[in-house]
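Residue numbers (our numbering): 1 to 243. Scroll down for the structure; my scribbles are underneath it.
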């Protein structure tokens, strides 16, 4: 059988010492835990480290720097916009001036032209050309070898009744010397006679009430006629045909 030996005072003292040490360690660990927890809570309550280092003075400096950068950006944008606006405005003014100059040159040139057509013009010498090919300095059409239309062109005209579908060709065909009695070549005539013939043809080729039906419809696409010229062979031939 086993026998239980009674505890001696020495063994009891050792046991008490061990218990005291364990309690002391537990208390120390508990204090360390509480200290760690409090430090952690304090750290979490604080602002982030990067922002906590920004002082109020530094904040003002950064704010002022941002305002300066914004103002500089606005200034650069305004300058660039003004420059572009002035450049575009100056270009438009230049184009307008060029157009005005070209109009003055046409009006004050050595040639008078019909001016009213959409695509073509006829000058006082019976030349037909496109609006883009007219000489802006003289107001005259190009020479014969530089245009597809000839002088006194009867293109788009019916010579049976002397009517044309295009006003400018009507004027050009009307100015042909063969339509006038005892007429000379247009180059040998003086400017006064040329202008007179040009004005007569301009007026003669305009549409009249006889070429319109119901006030807004043309009888035929050949609505520009020059069969009423004064002292012309054309008018006499026209009268003979009617008889």
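Where a beta carbon is used, it is the ideal one built from N, C-alpha and C, also for glycine. None of the values given here were measured: they were computed from a predicted structure.
Check	Outcome
What's the call for residue 200, buried or exposed, on a 16-neighbour Cβ count within 10 Å?	buried
Look up residue 158 in the DSSP assignment and give the residues it is bridged to.	163
Would the beta-carbon of residue 61 be found less than 6 Å away from any heavy atom of the ligand ATP?	Among the components modelled here there is no ligand, and therefore nothing to report on the ligand ATP.
Can you give me the C-alpha to C-alpha distance between residue 44 and residue 37, rounded to a whole angstrom?	11 Å
Which same chain residues end up closer than 6 Å to residue 156 when comparing Cβ atoms and leaving out the 5 residues on each side of it in sequence?	164, 165, 166, 169
Along the chain, where does the alpha helix (DSSP H) containing residue 11 start, and where does it finish?	9-45
So residue 207 and residue 224 are in contact, right, with Cβ under 8 Å, and what is the actual spacing, rounded?	7 Å
Let me know the secondary structure DSSP gives residue 225 once reduced to three states.	strand
What's the gap between the Cα of residue 174 and the Cα of residue 226?	6 Å
I need the DSSP call for residue 133, collapsed to helix, strand or coil.	helix
When the Cα atoms are used, what is the spatial distance from residue 171 to residue 114?	9 Å
In the structure shown, what three-state DSSP assignment does residue 217 receive?	strand
Look up residue 128 in the DSSP assignment and give the residues it is bridged to.	122
With a cut-off of 8 Å on the beta carbons, I'd call residue 142 and residue 154 a contact; round off their distance for me.	At roughly 19 Å, the Cβ-Cβ gap does not stay under 8 Å, so residue 142 and residue 154 are not in contact.
Given a cut-off of 7 Å, decide if residue 126 and residue 152 are closer than it, judged by their beta-carbon atoms.	yes
Given this structure, state the Cα-to-Cα distance separating residue 51 from residue 25, to the nearest angstrom.	With a pLDDT of 48 at residue 51, under the threshold of 50, the modelled position of this residue cannot be trusted; read the value that follows with caution. Whole-angstrom Cα-Cα distance: 40 Å.
Expressed to the nearest angstrom, what Euclidean distance is found between the alpha-carbon atoms of residue 27 and residue 10?	26 Å
Can you list, in chain order, the residues of its chain whose CB lies under 6 Å from that of residue 62, leaving out five sequence neighbours each side?	none
Do residue 137 and residue 121 have their CB atoms nearer than 7 Å?	no
Rounded to whole angstroms, what is the Cα-Cα separation between residue 212 and residue 220?	9 Å
Any beta-carbon of chain B closer than 7 Å to the one on residue 169?	No chain B appears in the structure shown, which is made up of a single protein chain.
Starting from the C-beta of residue 198, find all residues in its chain whose C-beta is less than 7 Å away, skip the five residues before and the five after it, and write them out in chain order.	112, 124, 175
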